[in-house]
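Number of protein chains: 2
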Amino acid sequence: MDTKGHSFLDRVFNILKDETADEVPLIQFKHPKELEEILSNDLDISINVDDKELENSVRKILQYSVKTNKVTFRNQLYGPMDPYGLAGTWIAEAFNTSQYTFEVAPVFTLIELKMIEHILKLFGIPGGDGIFSPGGSVSMLYALVAARFKKFPEVKSKGMQKLPEMTIFTSEDSHYSIIKAAHWLGFGTESVISIKTNSSGQMIVNELNKAIERQLGLGKYPVFVNATAGTTVLGAIDDLEAIASVCKKYDIWMHVDACWGGGLMLSATLRKRLQGIQFADSISWNPHKMIGAPLQCSIFLLKEKGLLHEANAAAAQYLFQQDKFYDVRYDTGDKSVQCGRKIDSFKLWMMWKARGDIGLCKVMDHVMSISEFCLRSIAEREGFRLVSDTLQCPNICFWYIPVFMRKREENDEWWALIHKITPKLKELLTLSSRLMIAYTPLRHHKNFFRLAFTFHPVLEENHVLEILKSIEECGEMVNTDMV
Amino acid sequence: MDTKGHSFLDRVFNILKDETADEVPLIQFKHPKELEEILSNDLDISINVDDKELENSVRKILQYSVKTNKVTFRNQLYGPMDPYGLAGTWIAEAFNTSQYTFEVAPVFTLIELKMIEHILKLFGIPGGDGIFSPGGSVSMLYALVAARFKKFPEVKSKGMQKLPEMTIFTSEDSHYSIIKAAHWLGFGTESVISIKTNSSGQMIVNELNKAIERQLGLGKYPVFVNATAGTTVLGAIDDLEAIASVCKKYDIWMHVDACWGGGLMLSATLRKRLQGIQFADSISWNPHKMIGAPLQCSIFLLKEKGLLHEANAAAAQYLFQQDKFYDVRYDTGDKSVQCGRKIDSFKLWMMWKARGDIGLCKVMDHVMSISEFCLRSIAEREGFRLVSDTLQCPNICFWYIPVFMRKREENDEWWALIHKITPKLKELLTLSSRLMIAYTPLRHHKNFFRLAFTFHPVLEENHVLEILKSIEECGEMVNTDMV
Numbered sequence: 001m002d003t004k005g006h007s008f009l010d011r012v013f014n015i016l017k018d019e020t021a022d023e024v025p026l027i028q029f030k031h032p033k034e035l036e037e038i039l040s041n042d043l044d045i046s047i048n049v050d051d052k053e054l055e056n057s058v059r060k061i062l063q064y065s066v067k068t069n070k071v072t073f074r075n076q077l078y079g080p081m082d083p084y085g086l087a088g089t090w091i092a093e094a095f096n097t098s099q100y101t102f103e104v105a106p107v108f109t110l111i112e113l114k115m116i117e118h119i120l121k122l123f124g125i126p127g128g129d130g131i132f133s134p135g136g137s138v139s140m141l142y143a144l145v146a147a148r149f150k151k152f153p154e155v156k157s158k159g160m161q162k163l164p165e166m167t168i169f170t171s172e173d174s175h176y177s178i179i180k181a182a183h184w185l186g187f188g189t190e191s192v193i194s195i196k197t198n199s200s201g202q203m204i205v206n207e208l209n210k211a212i213e214r215q216l217g218l219g220k221y222p223v224f225v226n227a228t229a230g231t232t233v234l235g236a237i238d239d240l241e242a243i244a245s246v247c248k249k250y251d252i253w254m255h256v257d258a259c260w261g262g263g264l265m266l267s268a269t270l271r272k273r274l275q276g277i278q279f280a281d282s283i284s285w286n287p288h289k290m291i292g293a294p295l296q297c298s299i300f301l302l303k304e305k306g307l308l309h310e311a312n313a314a315a316a317q318y319l320f321q322q323d324k325f326y327d328v329r330y331d332t333g334d335k336s337v338q339c340g341r342k343i344d345s346f347k348l349w350m351m352w353k354a355r356g357d358i359g360l361c362k363v364m365d366h367v368m369s370i371s372e373f374c375l376r377s378i379a380e381r382e383g384f385r386l387v388s389d390t391l392q393c394p395n396i397c398f399w400y401i402p403v404f405m406r407k408r409e410e411n412d413e414w415w416a417l418i419h420k421i422t423p424k425l426k427e428l429l430t431l432s433s434r435l436m437i438a439y440t441p442l443r444h445h446k447n448f449f450r451l452a453f454t455f456h457p458v459l460e461e462n463h464v465l466e467i468l469k470s471i472e473e474c475g476e477m478v479n480t481d482m483v
Numbered sequence: 484m485d486t487k488g489h490s491f492l493d494r495v496f497n498i499l500k501d502e503t504a505d506e507v508p509l510i511q512f513k514h515p516k517e518l519e520e521i522l523s524n525d526l527d528i529s530i531n532v533d534d535k536e537l538e539n540s541v542r543k544i545l546q547y548s549v550k551t552n553k554v555t556f557r558n559q560l561y562g563p564m565d566p567y568g569l570a571g572t573w574i575a576e577a578f579n580t581s582q583y584t585f586e587v588a589p590v591f592t593l594i595e596l597k598m599i600e601h602i603l604k605l606f607g608i609p610g611g612d613g614i615f616s617p618g619g620s621v622s623m624l625y626a627l628v629a630a631r632f633k634k635f636p637e638v639k640s641k642g643m644q645k646l647p648e649m650t651i652f653t654s655e656d657s658h659y660s661i662i663k664a665a666h667w668l669g670f671g672t673e674s675v676i677s678i679k680t681n682s683s684g685q686m687i688v689n690e691l692n693k694a695i696e697r698q699l700g701l702g703k704y705p706v707f708v709n710a711t712a713g714t715t716v717l718g719a720i721d722d723l724e725a726i727a728s729v730c731k732k733y734d735i736w737m738h739v740d741a742c743w744g745g746g747l748m749l750s751a752t753l754r755k756r757l758q759g760i761q762f763a764d765s766i767s768w769n770p771h772k773m774i775g776a777p778l779q780c781s782i783f784l785l786k787e788k789g790l791l792h793e794a795n796a797a798a799a800q801y802l803f804q805q806d807k808f809y810d811v812r813y814d815t816g817d818k819s820v821q822c823g824r825k826i827d828s829f830k831l832w833m834m835w836k837a838r839g840d841i842g843l844c845k846v847m848d849h850v851m852s853i854s855e856f857c858l859r860s861i862a863e864r865e866g867f868r869l870v871s872d873t874l875q876c877p878n879i880c881f882w883y884i885p886v887f888m889r890k891r892e893e894n895d896e897w898w899a900l901i902h903k904i905t906p907k908l909k910e911l912l913t914l915s916s917r918l919m920i921a922y923t924p925l926r927h928h929k930n931f932f933r934l935a936f937t938f939h940p941v942l943e944e945n946h947v948l949e950i951l952k953s954i955e956e957c958g959e960m961v962n963t964d965m966v
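The listed protein sequences correspond, in order, to chains Z and C. The first sequence begins at 1 in the working numbering and counts up one residue at a time. The second sequence begins at 484 in the working numbering and counts up one residue at a time.
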């Protein structure tokens, strides 16, 4: 055996420094086939290379990768990381540890417990339980499993087949993970009832009420309402108090998907937007989105202590021995559907320890203040039109209307053209490396842009103006021949 | 906004260097309450601290954490990491990227595709499909979902309730993830039929045959056979060819859980132990176990191309737009149950690029040669008794019998005492920081030890002898008053 490779670790810092330097472009876009061609030798793994060649390949790979740390990376609901979070994840990776038992992860176990305890209090459900999961979609699976088990504990041994036909309620603007979860868990996607939203993207609670009545009338068993605190596109926060009342009335599990909007809870002034979240039976929150924890950092919380373990435990005797020499209640891994599980709590602990509740409040307030500035700027700016002027989460959705389109009648053809112009404009922005921005249609709305803001160490108002200028300049290059 | 924290990244290397140095003990064990007391200020996150204080807390946390890089860390089926893998994971973390679309992860998408293509060939199912998942248990969920969808595609929309009662077959020594999966997916744990194993821990294929016939007789629908290539405790590899014949005969999906044993496929001589794996419909393999990829690195493979996408796609229009300006077949994320997903393929690419097929073959051969040496040493050594002398994967299971026990009659009381001595001995080894080793009962066997070997940069035969010496020395400290 050799110790080959240890010296490569020393190169990592320099590689990263060079490849994420200020002068490096956001993206050098190449089409898939082109990129395969450029990197064909680098991607080939059958023959080994020496450290110098490896470094060259790594640098080439990073050159063609997206620099998510740039202020102009606005393509997703995440961005650059809190450097404390990155330090935490590097350390956790170097300590290569799995989270299942106290004996292998003594301090990391305590850290996960402490983080969950702190966050449960923050979300208004002290005394509850929770777990770090590998993402919001897995948290959604946890939530549905918990709700189903609470109503029908026999599901664990007997399965779904003898249970009544259950229905699940969610808004039409909610995240698609609930559809995937309904398939996986055996409910079927047709069991998911989509509830209409208002123009801001909030679930219409009266429609929820009616839908539940309708399902009851059909002999179905309503088991789960998924309220969203921060929809993916518009950033809408459902009326959690009103939904809680409905859930209470019908005795239905209330889950709040706060994967995106949960960050607002950190702010003393913004958290009232999630008023009612304390009535939830379960909550999911992804600190890897709004507050810049490194991917993956995702938390699933429940109000009822013990349920998570009861639902998920399999009591593997090779791992969760009951005759260990320490208090085995600290072996928390059997709450999880996973066996091996990463130490995702440590990076969040690092961020929180460095910034404290007050520092994270400031982070959140700054994100929202930039978003408000962006919304106002867009509202005032010629050629930009807002999809919604409600700002609950830091999402701003809008169309850019090039000069040649502005005086025309806004009929179906006009909108059909806007629908094509939006992706074309995105293409120009990407190819020129000026901006990566999301676009999407939504309900009756034709393709529009979504700018979303998350933790960023240097993002200020002038960057927002630069972003809008890029959209204008590329927007004026689009013409009808192109689309 | 500030750039607070960036300078902390510079400290990470020094912290890690000090806290994992040669002279640092494997573990300084403290009981949970004691540890909470020692670290109470460090774990408190409500008030922020400066970088110096943060560093102190981090160092304290690491001091009480387990050093999984030591040769004496033999507690789990993972250990230290390949340094190239660690470099890869550090880089991937710093590039904070999610794996769903080509536009945000152009090169990382190609790397995942290339790695899967290479590994599919290695496992004898070229032309198949695959995905990196957050661990073996999630891979098991993928496998069951795929098998069920293949037989009953209507499950996706209609759920489990109108389907026939399905049964799942697995050996009594297989991993517990199948139990959790059966609950989550709505089969119910009672649908999992446990098949007896022989003394080496391999599924008795004739028993499988009989169990299938019995279930058919009961009107049940056999849907899934889980063969294990590397059981968790004994490291047994089921007779994959024989199981494949049974699956073919009854037209049942064959999954091979090679999470542990899959590493043997890297070795030209060892891979024949998994002969028959090429007949599998799906396979799971965790490179984060035997070959030292950093946690998490887990792969799920299927023989049938396209099925993974068909089963799991939800076609979210905000993410997987079909009017993008590039070939959207490279947006591979809709195959996944996750939305955001870590770049787990890059660390494995780094390892493979640095070592090549030949280098990884050597890694594997070395792991097995050390294990064979350990098995022989234990077989010859007084006071040690093997649970099984078959060595398919690098697991060696044995009892240590202290001198005062050796001449006694081995009746029920004797075994009851051994059952108590084993965990006591583990306690002494842990508290003295000499060795962390796994123990477990299995079937009729009373508590015994499992030594398992994985990639290690410096592990040699003399370390194995040191480990056995530690067991002997601590073993002779145990007396009947202690247990």
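Idealized CB from N, CA, C, for every residue including glycine. All values derive from a computational prediction rather than experimental measurement.
- Message: By the DSSP assignment, the alpha helix (DSSP H) with C:LYS543 in it spans what residues?
- Response: The sequence position of residue 543 of chain C within the second sequence is 60, counting from 1. Unbroken alpha helix (DSSP H) run through C:LYS543: 534 to 546.
- Message: Restricting to Cα atoms, I'd like to know which of Z:ASP334, Z:TRP399, Z:HIS288 is closest to Z:THR68.
- Response: Here residue 68 of chain Z corresponds to residue number 68 of the first sequence, with the count starting at 1. Per the Cα distances, Z:HIS288.
- According to the Cβ coordinates, are Z:THR197 and Z:GLU165 closer than 8 angstroms? Within the first sequence, residue 197 of chain Z is the residue found at index 197, counting from 1. Within the first sequence, residue 165 of chain Z is the residue found at index 165, counting from 1. Result no, Cβ atoms of Z:THR197 and Z:GLU165 do not sit closer than 8 angstroms.
- Item | Cutoff 8 angstroms: C:THR551 Cβ touching any chain Z Cβ | Translated into the one-based positions of the second sequence, residue 551 of chain C becomes position 68. Closer than 8 angstroms to some Cβ of chain Z, the Cβ of C:THR551 qualifies, so yes.
- Item | CB contact below 8 angstroms: C:ARG838 versus chain Z | Residue numbering aside, residue 838 of chain C sits at position 355 when the second sequence is read from its first letter. Yes, C:ARG838 lies at the interface with chain Z (some Cβ there is under 8 angstroms from its Cβ).
- Query: Shortest alpha-carbon distance to C:MET686 belongs to which of C:VAL739, C:GLU893, C:PHE783?
  - Reply: As a first step, residue 686 of chain C must be located in the second sequence, where it is residue number 203. Answer by Cα proximity: C:VAL739.
- Item | Whole-angstrom distance between Z:GLN392 and C:ASP493, CA atom to CA atom | The residue labelled residue 493 of chain C in the question sits at position 10 within the second sequence. The residue labelled residue 392 of chain Z in the question sits at position 392 within the first sequence. Distance between the alpha carbons of C:ASP493 and Z:GLN392 is about 37 angstroms.
- Selected residue, minimal CA-CA separation from C:ALA799, among Z:ARG434, Z:ASN411, Z:ALA211, Z:TYR176: Numbered from 1 along the second sequence, position 316 holds the residue referred to as residue 799 of chain C. Taking only the C-alpha atoms, the option nearest C:ALA799 is Z:TYR176.
- Message: Please give the ranges of any alpha helix (DSSP H) in the segment 139 to 220 of chain Z, keeping only runs that are unbroken, at least 4 residues long and fully inside the region.
- Response: At a cut-off of 4 residues, the continuous stretches assigned as alpha helix (DSSP H) that sit fully inside the segment 139 to 220 of chain Z are 155 to 158, 177 to 184, 205 to 217.
- is_contact[Z:LYS342, chain B] using C-beta, thresh 8 angstroms: No chain B is present in this structure, whose protein chains are Z and C.
- Query: Residues in its own chain within less than 7 angstroms of C:HIS928 by CB, not counting five upstream and five downstream?
  - Reply: The residue labelled residue 928 of chain C in the question sits at position 445 within the second sequence. Counting only Cβ-Cβ distances below 7 angstroms, and skipping sequence neighbours, we find VAL870.
- Query: Whole alpha helix (DSSP H) runs in the segment 807 to 888 of chain C with 4 or more residues, listed along the chain?
  - Reply: 828 to 863
- Query: Based on Cα-Cα distance, which residue from C:GLU949, C:GLU600, C:VAL590 lies nearest to C:LEU784?
  - Reply: By one-based count along the second sequence, residue 784 of chain C stands at place 301. For the residues C:GLU949, C:GLU600, C:VAL590, the minimum Cα distance to C:LEU784 belongs to C:GLU600.
- Query: Using a Cβ cut-off of 7 angstroms, which residues of the segment 514 to 526 of chain C contact any Cβ in chain Z, in chain order?
  - Reply: HIS514, PRO515, LEU518, GLU519, LEU522, LEU526
- Message: Using C-beta distances below 6 angstroms, list every residue in its chain close to C:LEU749, excluding the 5 sequence neighbours before and after it, in chain order.
- Response: By 1-based counting over the second sequence, the position of residue 749 of chain C is 266. Excluding positions up to five away in sequence, the list reads LEU843, CYS844, MET847.
- Message: Determine whether the beta carbon atoms of Z:GLY5 and C:ASP565 lie at a separation below 8 angstroms.
- Response: Indexing the first sequence from 1 puts residue 5 of chain Z at position 5. Indexing the second sequence from 1 puts residue 565 of chain C at position 82. Yes; because the gap between Cβ atoms is below 8 angstroms, this pair is in contact.
- Query: Checking contacts by CB at 8 angstroms: is Z:TRP90 closer than that to chain C?
  - Reply: In the first sequence, residue 90 of chain Z corresponds to position 90, counting from 1. Yes, Z:TRP90 lies at the interface with chain C (some Cβ there is under 8 angstroms from its Cβ).
- Message: With distance defined between alpha-carbon atoms, name the residue in Z:GLY130, Z:ALA314, Z:ILE179 nearest to C:GLU673.
- Response: The residue you call residue 673 of chain C lines up with position 190 of the second sequence. Answer by Cα proximity: Z:ALA314.
- Please decide whether Z:CYS297 counts as near chain C, where near means a Cβ-Cβ distance under 8 angstroms. One-based indexing of the first sequence puts residue 297 of chain Z at position 297. Not one beta carbon of chain C lies nearer than 8 angstroms to the beta carbon of Z:CYS297.
- Taking Cβ positions, are Z:CYS474 and Z:LEU429 nearer each other than 8 angstroms? As a working note, residue 474 of chain Z is residue 474 in the first sequence. As a working note, residue 429 of chain Z is residue 429 in the first sequence. Yes, Cβ-Cβ distance for Z:CYS474 and Z:LEU429 is below 8 angstroms.
- Under the three-state DSSP convention, the category C:ILE521 falls into: Taking the first residue of the second sequence as position 1, residue 521 of chain C is located at position 38. Three-state result, C:ILE521: helix.
- Query: Can you tell which of C:LYS830, C:HIS946, C:ASN930, C:TRP882 has its C-alpha closest to the C-alpha of C:ILE853?
  - Reply: Counted from its first residue, the second sequence places residue 853 of chain C at position 370. Per the Cα distances, C:HIS946.
- Task: Report yes if the C-beta distance between C:LEU723 and C:LEU757 is below 8 angstroms; otherwise report no.
- Result: Here residue 723 of chain C refers to the residue found at position 240 of the second sequence. Here residue 757 of chain C refers to the residue found at position 274 of the second sequence. Contact: yes.
- Message: According to DSSP, simplified to helix, strand and coil, what is Z:GLU410?
- Response: Position 410 of the first sequence, counting from 1, holds the residue named residue 410 of chain Z. In the structure shown, Z:GLU410 sits in coil (DSSP, three-state: anything other than H, G, I, E or B).
- Any alpha helix (DSSP H) of 4 or more consecutive residues that is wholly inside the segment 243 to 321 of chain Z: 307 to 312
- Message: Could you check whether the Cβ of C:TRP897 sits closer than 8 angstroms to any Cβ belonging to chain Z?
- Response: For the purposes of this step, residue 897 of chain C is taken as residue 414 along the second sequence, with counting starting at 1. Not one chain Z Cβ lies under 8 angstroms of C:TRP897.
- Message: Looking at C:ALA630: is its Cβ nearer than 8 angstroms to the Cβ of C:ASP505?
- Response: Taking the second sequence and counting its residues from 1, the one referred to as residue 630 of chain C is at position 147. Taking the second sequence and counting its residues from 1, the one referred to as residue 505 of chain C is at position 22. No, the Cβ-Cβ distance between C:ALA630 and C:ASP505 is not below 8 angstroms.
- Item | Alpha-carbon to alpha-carbon, C:ASP734 and Z:ASP492 | Only positions 1 to 483 of chain Z appear in this structure, which leaves residue 492 of chain Z out of reach.
- Message: So, with DSSP's three-state summary, where would you put Z:VAL483?
- Response: If you number the first sequence from 1, residue 483 of chain Z lands on position 483. It is coil, neither helix nor strand.
- Message: Measuring CB atoms only, is the segment 570 to 577 of chain C touching the segment 818 to 835 of chain C, in the sense that at least three cross pairs come out at less than 8 angstroms?
- Response: yes
- Are C:ILE651 and C:ASN689 closer than 8 angstroms when you measure CB to CB? As a first step, residue 651 of chain C is located in the second sequence; it is residue number 168 there, counting from the start. As a first step, residue 689 of chain C is located in the second sequence; it is residue number 206 there, counting from the start. Annotated as distal: C:ILE651 and C:ASN689, with beta-carbon spacing of 8 angstroms or more.
- Closest by CA to C:ILE954, which one among C:PRO885, C:SER529, C:HIS666? Against the second sequence, residue 954 of chain C aligns to sequence position 471. Of the listed residues, the one whose Cα sits closest to C:ILE954 is C:PRO885.
- For Z:CYS339, which residues in chain C fall below 8 angstroms Cβ to Cβ? Counting from 1 along the first sequence, the entry for residue 339 of chain Z is found at position 339. What Z:CYS339 touches in chain C: GLY618, GLY619, SER620, HIS658, TYR659, SER660.
- Task: Give me the Cα-Cα distance between C:LYS786 and Z:GLY261, rounded to the nearest whole angstrom.
- Result: As a working mapping, residue 786 of chain C is identified with position 303 in the second sequence. As a working mapping, residue 261 of chain Z is identified with position 261 in the first sequence. Going by the C-alpha atoms only, they are around 40 angstroms apart.
- Query: At a Cβ threshold of 8 angstroms, is Z:SER512 touching chain C?
  - Reply: Within the shown structure, residues of chain Z are numbered from 1 to 483, placing residue 512 of chain Z beyond reach of any answer.
- C:ILE920 vs C:LEU934 beta-carbon contact at 8 angstroms: To locate residue 920 of chain C, count along the second sequence from 1; it is residue 437. To locate residue 934 of chain C, count along the second sequence from 1; it is residue 451. C:LEU934 sits close to C:ILE920, with the two beta carbons spaced by under 8 angstroms.
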